[in-house]
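In order, the protein sequence lines correspond to chains L and D. Residues in the first sequence are numbered consecutively from 364, following the numbering used here. Residues in the second sequence are numbered consecutively from 364, following the numbering used here. Built from N, CA and C at the ideal position, the CB exists for glycine as well. This structure is a prediction, so every number in the text was calculated from the model and none was measured.
Number of protein chains: 2
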Amino acid sequence: MLEFYKLKEFHIRKLEEHIREGKVDREIIHIIKIINRFDAFFTTSSCAGRIVLIRTPDNLKKQEKAFIFKSHQVVKFDEVWNTVLENYNKYENIWFKQEPFIIHVVCKNLKYANILLKISSKVGLKHSGIISLKKNRVITEIIGNEKIETIVSKNGKLLLTEEYLKELVNEANKKLLRSRVYMGRFYYELLKLFNSYNKLEGQ
Amino acid sequence: MLEFYKLKEFHIRKLEEHIREGKVDREIIHIIKIINRFDAFFTTSSCAGRIVLIRTPDNLKKQEKAFIFKSHQVVKFDEVWNTVLENYNKYENIWFKQEPFIIHVVCKNLKYANILLKISSKVGLKHSGIISLKKNRVITEIIGNEKIETIVSKNGKLLLTEEYLKELVNEANKKLLRSRVYMGRFYYELLKLFNSYNKLEGQ
Chain L
364 MLEFYKLKEF HIRKLEEHIR EGKVDREIIH IIKIINRFDA FFTTSSCAGR
414 IVLIRTPDNL KKQEKAFIFK SHQVVKFDEV WNTVLENYNK YENIWFKQEP
464 FIIHVVCKNL KYANILLKIS SKVGLKHSGI ISLKKNRVIT EIIGNEKIET
514 IVSKNGKLLL TEEYLKELVN EANKKLLRSR VYMGRFYYEL LKLFNSYNKL
564 EGQ
Chain D
364 MLEFYKLKEF HIRKLEEHIR EGKVDREIIH IIKIINRFDA FFTTSSCAGR
414 IVLIRTPDNL KKQEKAFIFK SHQVVKFDEV WNTVLENYNK YENIWFKQEP
464 FIIHVVCKNL KYANILLKIS SKVGLKHSGI ISLKKNRVIT EIIGNEKIET
514 IVSKNGKLLL TEEYLKELVN EANKKLLRSR VYMGRFYYEL LKLFNSYNKL
564 EGQ
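Below, the structure is given as structure tokens:
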């Protein structure tokens, strides 16, 4: 178990650094913090859900560079449309995506990974699962359901109309907010779990 | 372990029935069959990936009823466009989706679930994971990465142009085929695993 706690210490230090630097989405910090208060868990990465414009092919060295627009809040149509107009003829292809929230949680053992999986399932996060199993570490991916993914421009040619993008932004905002509702439900279940945690630990 | 083998027997019978009735996508049958040849695995559901038009709100009794178009093959633009034209003013909203292939595999124990997870990860199926953990049963979801999800019509009003849908269908076809390439890689790894299976079992 030593390895688990050493790793946890390392990741908590990194997390605190990232929070100070503003690198952690503030809408998800309370969830990350409650997860890390459990002796049996620590988080390695998270995203509160986002709306992005991404250029492809994304065979760039760092995935991050492929984004030409990124927001973890609901967006205004104008800011997306202006970014599209400024960029569509600069890059091969541009895609519009709304992605759900995602959290990677390392669990001390399977028992706790299973508890996390059960509360995910209870609140309707049906695509969550254990993505890696190692001796002293089980990694769980908690992920929302809401998403949009569609093409904006191809070979430097704009494909969609202003009206269509307006509706797309509208739907993406709604889905981003719905993803936050699921985050809230998940947080509530974590709080309940935390309150019964000492009891659990004593089992 | 008796429960596992009884369940496997039940699901294999159901699968054979479904194959006879043409309810299993023929593009995925070879994969389903090789998985079920392993003593340690059986499949409960699968889809070879598809392109669909779906109406929302989908608070219908059976999810299946929400589809107004569904194809597990690449599609012709005309068939999608005609379905859109015939339906957009009949329903509240219509969405266009291209979904990746998906297989649910019940594993005898964690050791085998982990083997499946490792080959999924090796071929790049990064969203695959263990979605349920029970005493005599571990359920793994193997899933492709390629997807498209966007709005077609809203409150009975058509939102996208013919030209845009043409590009969308084109991209969806490409992504469906790419999903099949991943299926092929996964199948190849399963074959290799099957050949070393007796060795594994003897461990």
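Residue i and residue j closer than 9 Å at C-beta
i, j, result
"Ile-511/L", "Lys-460/L", "yes"
"Asn-450/D", "Lys-517/D", "no"
"Lys-433/L", "Leu-416/L", "yes"
"Leu-370/L", "Ile-395/L", "no"
"Cys-470/D", "Ile-502/D", "yes"
"Phe-549/L", "Val-468/L", "no"
"Leu-480/L", "Ser-495/D", "yes"
"Ala-411/L", "Arg-418/L", "no"
"Leu-556/D", "Asn-452/D", "no"
"Val-486/L", "Glu-390/L", "no"
"Lys-387/D", "Val-532/D", "Going by the sequence as given, residue 387/D is Val instead of Lys. Contact: no."
"Arg-541/D", "Phe-367/D", "no"
"Tyr-560/D", "Phe-373/D", "no"
"Pro-463/D", "Asn-536/D", "no"
"Leu-554/L", "Ile-392/L", "no"
"Ile-466/L", "Ser-409/L", "yes"
"Ala-403/D", "Tyr-454/D", "no"
"Thr-513/L", "Thr-513/D", "yes"
"His-490/D", "His-490/L", "yes"
Residue range of the unbroken alpha helix (DSSP H) whose run includes residue i
i, result
"Val-544/L", "525 to 558"
"Phe-373/D", "365 to 383"
"Phe-401/L", "That residue, Phe-401/L, is in no alpha helix (DSSP H); it is neither H nor E in DSSP."
"Glu-442/L", "440 to 450"
"Lys-386/L", "Looking at the DSSP string, Lys-386/L is not in any alpha helix (DSSP H), and its letter there is neither H nor E."
"Asn-477/D", "473 to 485"
Outcome for residue i when other beta-carbon atoms lying within 10 angstroms are tallied against a minimum of 16
i, result
"Phe-528/D", "The residue asked about is misnamed: residue 528/D is Leu in this sequence, not Phe. It is buried - the Cβ of Leu-528/D has at least 16 other Cβ atoms within 10 Å."
"Leu-523/L", "buried"
"Arg-383/L", "exposed"
"Leu-365/D", "exposed"
"Glu-526/D", "exposed"
"Ile-414/L", "buried"
"Lys-497/L", "exposed"
"Leu-539/D", "buried"
"Arg-376/D", "exposed"
"Gln-566/L", "Note that Gln-566/L has pLDDT 44, beneath the 50 cutoff, so the model's placement of it is unreliable and the number below is only indicative. Flag for Gln-566/L reads exposed."
"Val-515/D", "buried"
"Gly-492/L", "buried"
"Glu-380/L", "exposed"
"Val-447/D", "buried"
"Glu-427/D", "Model confidence at Glu-427/D stands at a pLDDT of 49, short of 50, so the residue's coordinates are unreliable and nothing is read from them."
Which residues DSSP lists as bridging residue i, in chain order
i, result
"Arg-413/D", "Glu-462/D"
"Val-491/D", "Here the sequence assigns Ser to residue 491/D, which means Val is not the residue at that position. Note: Ser-491/D sits in no beta bridge, so no partner."
"His-467/L", "Ser-408/L and Glu-504/L"
"Asn-456/D", "Thr-419/D and Lys-517/D"
"Leu-496/L", "Val-501/L"
"Glu-512/D", "Glu-512/L and Lys-460/D"
Residue span of the beta strand (DSSP E) that contains residue i, given as start and end
i, result
"Ile-431/D", "430 to 434"
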